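Enquirer: Let me begin by handing over the structure; questions about it come next.
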Amino acid sequence: MSLNKINPTKTKSWGKLKTHFKSISSSSIKSFFNKDPEREKILKIEWGDFLIDYSKNRITPKTINLLVNLAEELNLKESIKKYFTGEKINQTENRAVLHTALRSKQNESVLVDGLNVIPEIHNIKNKIKNFSNEIISGKYKGYSGKSITDIVNVGIGGSDLGPSMINEALKFYSNHLNIHFVSNVDGDHVRDILKKIKPETTIFIIVSKTFSTQETLTNASTIKKWFLKSTSKKHISKHFIAVSSAIKKIREFGIKNENIFPMKNWIGGRFSVWSSVGISISLSIGPENFNKLLKGAHKMDTHFKESRFEKNIPVILALISVWYNNFYNSETEVILPYSEYLKKLPSYLQQAVMESNGKNFDRSGDPIDYQTGNIIWGSTGTNSQHAFFQLMHQGTKIIPSDFIGFIIPLYNEIDHHQKLMSNYFAQTEALMNGKNAKEVERELKESGLSKEEIKKILPFKVFKGNNPSNSILIKKLTPESLGSLIAMYEHKIFVQGIIWNIFSFDQWGVELGKKLAQNILLEIQGNNNFKHDPSTANLIKKYKLNS
Ligand code: F6P
463 MSLNKINPTK TKSWGKLKTH FKSISSSSIK SFFNKDPERE KILKIEWGDF
513 LIDYSKNRIT PKTINLLVNL AEELNLKESI KKYFTGEKIN QTENRAVLHT
563 ALRSKQNESV LVDGLNVIPE IHNIKNKIKN FSNEIISGKY KGYSGKSITD
613 IVNVGIGGSD LGPSMINEAL KFYSNHLNIH FVSNVDGDHV RDILKKIKPE
663 TTIFIIVSKT FSTQETLTNA STIKKWFLKS TSKKHISKHF IAVSSAIKKI
713 REFGIKNENI FPMKNWIGGR FSVWSSVGIS ISLSIGPENF NKLLKGAHKM
763 DTHFKESRFE KNIPVILALI SVWYNNFYNS ETEVILPYSE YLKKLPSYLQ
813 QAVMESNGKN FDRSGDPIDY QTGNIIWGST GTNSQHAFFQ LMHQGTKIIP
863 SDFIGFIIPL YNEIDHHQKL MSNYFAQTEA LMNGKNAKEV ERELKESGLS
913 KEEIKKILPF KVFKGNNPSN SILIKKLTPE SLGSLIAMYE HKIFVQGIIW
963 NIFSFDQWGV ELGKKLAQNI LLEIQGNNNF KHDPSTANLI KKYKLNS
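Counting from 463, one number per residue, gives the positions in the sequence shown under my numbering.
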């Protein structure tokens, strides 16, 4: 049975939310706290090492009740069940969506077309583990008899962003291996990496679910040519491995059966980091830590599956996001990790969220007349405070934010951490409270400014406040907590897709540009002429004449 096809804006709950919006939208978060100092106790979720404080939002407990009613009216519970049990909810590609099975326990059972997929998942996990141990221990030798020092992950989109984000995030736990990433078809990218490595001590992991992605195949073939300048073809099998579901194409590239780490078609690229796609992570932090990452994600899966909506982290975060997106018309969400290790999280989430929920047709194939997927952006605190926080504090837009912080630092640099965290706390408070004209006037008077001077400068020093934020406070950045954090966002995406009545697991929107680029490439490389608008035609002409 497929997912329901209900237009959310036509539900009873939506109507009630509209009325509720009118009644509270002119009140400030600060005033909600004044009226109900206890709201912090209600509008938060404590779960293991996570504290999610969502009280600094333009909501009241009633808003949450109404949003939960909406989720119930849209059969979210039923949909979650379908998501976890292998139903083909990726209907436009006729596929199940089972990244959650990748982190299931060995004794669980998940059926796809009547077949339990868990045993195979664990066989592949064992293969990853054995391979990682061989490389890490130095037992595995390259063609000249030396141990491996460098790993190059060649892939793009989901075959790059997940592994590269997590490798960066868990660098603290990494071993001696140097991990590199080549993704862009820009030849400068691959050349820059090749400069740093030696063929005899490097393993290349070609990661492509389809093994047909232009960027990845071009980079892989450039690397192969470079490799063969130093040695013969027979050594390819020692240095090239592949992660893919397209076995025939991998063999054509010259990679042997034993070097293939399979991927199933029920794993979407942007949710694939838990599969063989994560092999570079297992190599860099070791299979045990990789397992902890999966364990953390599994914990979040269980929380999501089993908790009632009012206490369910992904559900609550998704509903608050729908509230801003569809009632306040806010277009973006900012992700602000207060950890330099998480600097790649915003770009990772850009693909996860925007490729999933950037849809303008509903599940019946009808055009949508309400807002769907949010625009995701962000950067680490405190760097971002010195870059774009000006606009968050004094700009004209409503920008819901996720502040992600950790209680315990990794290097025990207590002074640094106290400063980092004081900024983390200060910013959410400042965003909410702002500073009114009276407060500014008093401060300026105290600093000795004249009446005239105060009058001139005052408006520029006022902060309107009432800017919403979620505080996601986690005990420590570990493989396990990171696994839970990523899974939390994955499920948030799922819930939003269900509410918006869209298919979150396809990505047809990336096809058009790809096709056009193929034609233009023929044009650039030969004498073919395709029809273009005058602007594009002239740009191509200019390039051809001058390149
Ligand atoms: O950009 C579209 C996309 O299909 C992504 O969804 C995917 O993660 C990426 O390309 C890479 O695809 P592949 O793993 O098949 O090379």
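By construction, the Cβ of each residue, glycine as well, lies at the ideal position given by its N, Cα and C atoms. It should be emphasised that the depicted structure is a prediction, and the values quoted were computed from it without experimental measurement.
Determine, using beta-carbon pairs with one atom in the stretch 921–931 and one in the stretch 737–753, whether at least three such pairs fall under 8 Å.
Expert: Short answer: they don't touch.
Enquirer: What is the residue span of the beta strand (DSSP E) that residue 759 lies within?
Expert: Here residue 759 corresponds to residue number 297 of the sequence shown, with the count starting at 1. Unbroken run through residue 759 is the alpha helix (DSSP H), 749–768; no beta strand (DSSP E).
Enquirer: How about residue 620: is its Cβ closer than 8 Å to a heavy atom in ligand 1?
Expert: The sequence position of residue 620 within the sequence shown is 158, counting from 1. Flag set: Cβ of residue 620 near ligand 1.
Enquirer: Confirm the yes/no value for this check: CB of residue 972, any heavy atom of ligand 1, distance under 8 Å.
Expert: Mapped onto the sequence shown, residue 972 falls at position 510. Result yes, Cβ under 8 Å from ligand 1.
Enquirer: Counting pairs of beta carbons, one from the stretch 591–608 and one from the stretch 568–579, are three or more of them closer than 8 Å?
Expert: No, the stretch 591–608 is not in contact with the stretch 568–579.
Enquirer: Go ahead and pull the three-state DSSP assignment for residue 508.
Expert: Here the question's residue 508 lines up with position 46 in the sequence shown. Three-state result, residue 508: strand.
Enquirer: How big is the Cα-Cα spacing for residue 949 and residue 707?
Expert: Taking the first residue of the sequence shown as position 1, residue 949 is located at position 487. Taking the first residue of the sequence shown as position 1, residue 707 is located at position 245. Those two C-alpha atoms are separated by around 23 Å.
Enquirer: Taking the CB atoms as reference points, tell me whether residue 640 and residue 622 lie closer together than 9 Å.
Expert: On the sequence shown, position 178 is the one that residue 640 refers to. On the sequence shown, position 160 is the one that residue 622 refers to. Cβ distance not < 9 Å, so residue 640 and residue 622 don't count as in contact.
Enquirer: The alpha helix (DSSP H) spanning residue 626 covers which residue range?
Expert: Numbered from its first residue, the sequence shown carries residue 626 at position 164. Per DSSP, residue 626 belongs to the alpha helix (DSSP H) from 623–631.
Enquirer: Under three-state DSSP, which class holds residue 798?
Expert: Position 336 of the sequence shown, counting from 1, holds the residue named residue 798. Looking at residue 798 - three-state DSSP - the assignment turns out to be strand.
Enquirer: Considering only C-alpha positions, which residue in the set 936, 976, 634 is nearest to residue 883?
Expert: Locating residue 883 in the sequence shown gives position 421, where the first residue counts as 1. Cα-wise, what sits closest to residue 883 is 936.
Enquirer: Hey, residue 552 and residue 736: beta-carbon distance below 9 Å or not?
Expert: Counting from 1 along the sequence shown, the entry for residue 552 is found at position 90. Counting from 1 along the sequence shown, the entry for residue 736 is found at position 274. Result no, Cβ atoms of residue 552 and residue 736 do not sit closer than 9 Å.
Enquirer: Within its chain, find whatever has a CB closer than 8 Å to the CB of residue 504; leave out the 5 residues flanking it on each side and keep chain order.
Expert: Residue mapping note: residue 504 aligns to position 42 of the sequence shown, counting from 1. Correct list, in chain order: 517, 523.
Enquirer: For residue 726, which option in 562, 780, 492, 835 has the closest C-alpha, if you only look at C-alpha atoms?
Expert: Stepping through the sequence shown from its first residue, residue 726 is reached at position 264. For the residues 562, 780, 492, 835, the minimum Cα distance to residue 726 belongs to 562.
Enquirer: Taking DSSP's pairing of strands, which residues face residue 704 in a bridge?
Expert: In the sequence shown, the residue the question calls residue 704 occupies position 242. Bridge partners of residue 704: 668, 722.
Enquirer: Report yes if the C-beta distance between residue 795 and residue 830 is below 9 Å; otherwise report no.
Expert: In the sequence shown, the residue the question calls residue 795 occupies position 333. In the sequence shown, the residue the question calls residue 830 occupies position 368. The answer is no: Cβ separation not under 9 Å.
Enquirer: Roughly how many whole angstroms lie between the Cα atoms of residue 614 and residue 813?
Expert: Reading the sequence shown from its first residue, position 152 is the one you call residue 614. Reading the sequence shown from its first residue, position 351 is the one you call residue 813. C-alpha separation (whole angstroms): 21 Å.
Enquirer: Quick check: the stretch 661–668 against the stretch 704–724, are there 3 or more CB pairs under 8 Å?
Expert: Cβ pair count under 8 Å is three or more, so yes.
Enquirer: Looking only at its own chain, which residues have a Cβ that is under 8 Å from the Cβ of residue 859, when we skip the five neighbours before and after it?
Expert: For the purposes of this step, residue 859 is taken as residue 397 along the sequence shown, with counting starting at 1. Taken in chain order, the residues that qualify are 792, 793, 794, 853.
Enquirer: Please indicate yes or no: does the CB of residue 852 lie closer than 8 Å to some heavy atom of ligand 1?
Expert: For this step, residue 852 is matched to residue 390 along the sequence shown. No - ligand 1 has no heavy atom lying nearer than 8 Å to the Cβ of residue 852.
Enquirer: Is residue 649 helix, strand or coil by DSSP?
Expert: The residue given as residue 649 occupies position 187 in the sequence shown. The answer is helix: DSSP assigns residue 649 an H, G or I state.
Enquirer: I believe residue 590 touches residue 723 by the beta-carbon criterion, under 8 Å. Please report the beta-carbon distance rounded to the nearest angstrom.
Expert: For the purposes of this step, residue 590 is identified with residue 128 of the sequence shown, where counting begins at 1. For the purposes of this step, residue 723 is identified with residue 261 of the sequence shown, where counting begins at 1. That pair is a contact at about 7 Å.
Enquirer: If you reduce the DSSP assignment to three classes, tell me which class residue 642 lands in.
Expert: Start at 1 with the first residue of the sequence shown, and residue 642 comes out as number 180. Residue state, collapsed to three classes: strand.
Enquirer: Nearest to residue 644 by CA position, among 474, 1008, 760, 683, is which residue?
Expert: For the purposes of this step, residue 644 is taken as residue 182 along the sequence shown, with counting starting at 1. Per the Cα distances, 683.
Enquirer: Rounded C-beta distance between residue 964 and residue 834? I'm assuming under 8 Å.
Expert: Stepping through the sequence shown from its first residue, residue 964 is reached at position 502. Stepping through the sequence shown from its first residue, residue 834 is reached at position 372. Right, the Cβ-Cβ distance comes to about 6 Å (below 8 Å), so this counts as a contact.
Enquirer: Reducing DSSP to helix, strand and coil, say where residue 572 ends up.
Expert: Within the sequence shown, numbered from 1, the residue matching residue 572 stands at position 110. Residue 572: coil per DSSP, three-state reduction.
Enquirer: In this structure, how does DSSP classify residue 616 when only helix, strand and coil are distinguished?
Expert: Mapped onto the sequence shown, residue 616 falls at position 154. Residue 616 falls in the strand class under three-state DSSP.
Enquirer: Quick check: what's the CA-CA separation for residue 888 versus residue 480?
Expert: Stepping through the sequence shown from its first residue, residue 888 is reached at position 426. Stepping through the sequence shown from its first residue, residue 480 is reached at position 18. When rounded, the distance between both Cα atoms is 32 Å.
Enquirer: Nearest to residue 790 by alpha carbon, out of 823, 862, 857, 690?
Expert: Taking the sequence shown and counting its residues from 1, one reaches residue 790 at position 328. Answer by Cα proximity: 862.
Enquirer: Residue 917: which of 555, 905, 566 sits nearest, CA to CA?
Expert: Counted from its first residue, the sequence shown places residue 917 at position 455. For residue 917, the nearest C-alpha among the options comes from 905.
Enquirer: Using C-beta distances below 6 Å, list every residue in its chain close to residue 1023, excluding the 5 sequence neighbours before and after it, in chain order.
Expert: Only positions 463 to 1009 of the chain appear in this structure, which leaves residue 1023 out of reach.
Enquirer: With distances taken Cα to Cα, identify the nearest neighbour of residue 583 among 593, 571, 867, 952.
Expert: For the purposes of this step, residue 583 is identified with residue 121 of the sequence shown, where counting begins at 1. When only C-alpha atoms are compared, the closest one is 571.
Enquirer: According to DSSP, is residue 515 part of a helix, a strand, or is it coil?
Expert: On the sequence shown, residue 515 is found 53 positions in, with the first residue counted as 1. Of the three classes helix, strand and coil, the one that applies to residue 515 here is strand, per DSSP.
Enquirer: For residue 996, count neighbouring Cβ atoms within 10 angstroms of its own Cβ and tell me buried if that reaches 16, exposed if not.
Expert: Locating residue 996 in the sequence shown gives position 534, where the first residue counts as 1. Counting Cβ neighbours within 10 Å, residue 996 comes out exposed, since fewer than 16 surround it.
Enquirer: Please check the pair residue 533 and residue 781, which I expect to be a contact at CB under 8 Å, by giving their CB distance rounded to whole angstroms.
Expert: Against the sequence shown, residue 533 aligns to sequence position 71. Against the sequence shown, residue 781 aligns to sequence position 319. About 6 Å; that satisfies the 8 Å criterion.
Enquirer: How far does the beta strand (DSSP E) with residue 931 in it reach, from first residue to last?
Expert: Here residue 931 refers to the residue found at position 469 of the sequence shown. Element bounds for residue 931: 931–938.
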